[in-house]
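Going by this note's numbering, the first residue of the sequence shown is number 199, and it counts up by one from there. Glycine included, each C-beta is placed from N, C-alpha and C at the ideal position. Please read all numbers here as calculations on a predicted model, not as lab measurements.
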Amino acid sequence: VLGFTGRWLLKLSQPSGAAKNRVAVFDNARFLMSVLIIFTHLKEQVLLWELDPGRWLEGDNSSWYMSLFNPVSPFLTLTGFVVISGYVSQGAPSPARWRSFLVTIFLPCLMYSGVLAPQLAYFIKGESPTQQTLMRVIDASPEVEWYLQSLVTWRLLAFAVHGLAAKAGSPLWPWWLGICWAAAVSATVWGAPLFWSTTSMVYFLPAFAVGQLFPLADLLQAVEPCLSVRCFGAAVLAVWVWATAVLPGLSLHSNSFPTLDAFQHKTIFKDMPVLGPGPVEAWDVFLTPFLAIFSALLYSAVAITLIATIIPRATTCFTKAGGQGSLYIYLFHPFVIQLQSLFWVHLPPVITAALPMSYHVQSSVGHLAVYMLQLALCVLVAATLSSDPFIALLKPFMRPEWLVDLALGPLPAKTPPTSEGGISSK
């Protein structure tokens, strides 16, 4: 479906240089997805109030409302991040792109894993660097810097695919299809090396390929933001929540067939190879890699649908934060959550006794109030981590242009336009 839709969009309107420019919808989407990821991690690590299931719905209520926001985070939101990263990474390799790769991806990855993360862990939790710190630099998955390590590999693959396709005079999609299938087979059938977040990289590789190949800008031009489009996007989101949160709780599916959620956890948390020891059927060798690719493509299709239908396209107060600060939000929000945990732990006993720490929220309205309070807190955290002062403080590490200039020299100045006689137009 993604392939046919992309071909139809390309026939409908040929992509131009302006179509590849970053638009506000991508930055808005990244900010919203960052908030949802913070919300998921906050709910996992910090509970200000104990939630009693109460009578949210008839039957087994606890599994439904506790997973209310889980269908849109973290796997769907991370897939959306990867698709957008693939889209903004389109283009053939050039000296400027290689330099940008060093400044914005490769060196920040090393700086964060080897310098910033250990220092913050020491000052916040008192943890001194150990062998585990070095292992985290080598293989970060499932910690947050897996995304940077995977992005390094994806960008290198994108450069290689462009070079191979240019030499062969072929389109890009056969190369991406072959790479995704080979990676899925090797990782799920024989196992993936525990190096440089390979397991996570392989799982989300099809989503990055979708971003490289799918004409997102043309889709946004073809789909006008109107009420019917918003309603369609809301319906897709409602069906997705029902299928991934409500339906599994009903226990109607058979455990004999691996669910996408179980397969995701196997790949993300390095339970590789997916096929266990012992005799393996030939059909399993085909089915398992197919599920690896299919699940990522399914999440990519849902993410693209939501981006094109319900994400605001106009510039908002959070557009700049999602554009220049989404990576800062994603990488540094775990330390903010840890700081908040330490704040509650180290409060004086007199104050702690006066707080409603053991209050049981039993009503549906109370549950929603707690969720909304947590979401508001996540928005505040995201806005703080993407603010100009915070970015300026960490820019020498997260965008080390000074280091690249020191090693490679500054970029040459652009040559001014000349007239036909070779004399400057000035």
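For Ala168, collect the residues of the same chain with a Cβ closer than 6 Å to its Cβ; drop the 5 residues on either side in sequence, then sort them by chain order.
The chain is shown only over 199 to 624; residue 168 falls outside these bounds and no answer can be derived.
If you pair each beta-carbon of the region 590-601 with each one of the region 310-317, do three or more pairs fall below 8 Å?
yes
Start and end of the alpha helix (DSSP H) containing Ala171?
Since the first and last residues shown for the chain are 199 and 624, residue 171 lies out of range.
Would DSSP call Ile509 helix, strand or coil?
Coil, per DSSP.
Helix, strand or coil at Ala590 according to DSSP, with G and I counted as helix:
helix
Apart from the five residues on each side of it in sequence, which residues of its chain come closer than 7 Å, Cβ to Cβ, to Met150?
Outside the modelled stretch of the chain, which goes from 199 to 624, sits residue 150, for which no answer is possible.
Decide if the region 411-428 is in contact with the region 294-302; the criterion is three or more beta carbon pairs, one per stretch, under 8 Å apart.
no
If you pair each beta-carbon of the region 573-584 with each one of the region 518-525, do three or more pairs fall below 8 Å?
yes
Relative to the C-alpha of Ser287, which candidate in Pro510, Phe357, Val568 has its C-alpha closest?
Phe357
Just confirm the distance between the C-beta atoms of Ser395 and Gln330, as a whole number of angstroms; I'd bet it's less than 8 Å.
Ser395 to Gln330, Cβ: 15 Å. No contact.
Given Phe406, which residues of its chain have a CB within under 7 Å of its CB, disregarding the five upstream and five downstream residues?
Closer than 7 Å at Cβ, skipping near neighbours: Val280, Ser283, Gly284, Trp352.
Could you say which of Thr507, Phe533, Lys323, Phe273 lies nearest to Val223 if we only look at CA atoms?
Thr507
DSSP on Cys576, reduced to helix/strand/coil?
The DSSP-derived three-state label of Cys576 is helix.
Quick check: Ala494 and Tyr401, are their CB atoms within less than 8 Å of each other?
yes
What residue does the alpha helix (DSSP H) around Trp373 start on, and which one ends it?
371-383
Beta carbon of Pro291, beta carbon of His360: below 8 Å?
yes
Evaluate Ser326 with the Cβ neighbour count: other Cβ atoms within 10 Å of its Cβ, from every protein chain shown; 16 or more gives buried, anything less gives exposed.
exposed
Taking only three categories from DSSP, how would you classify Trp394?
coil
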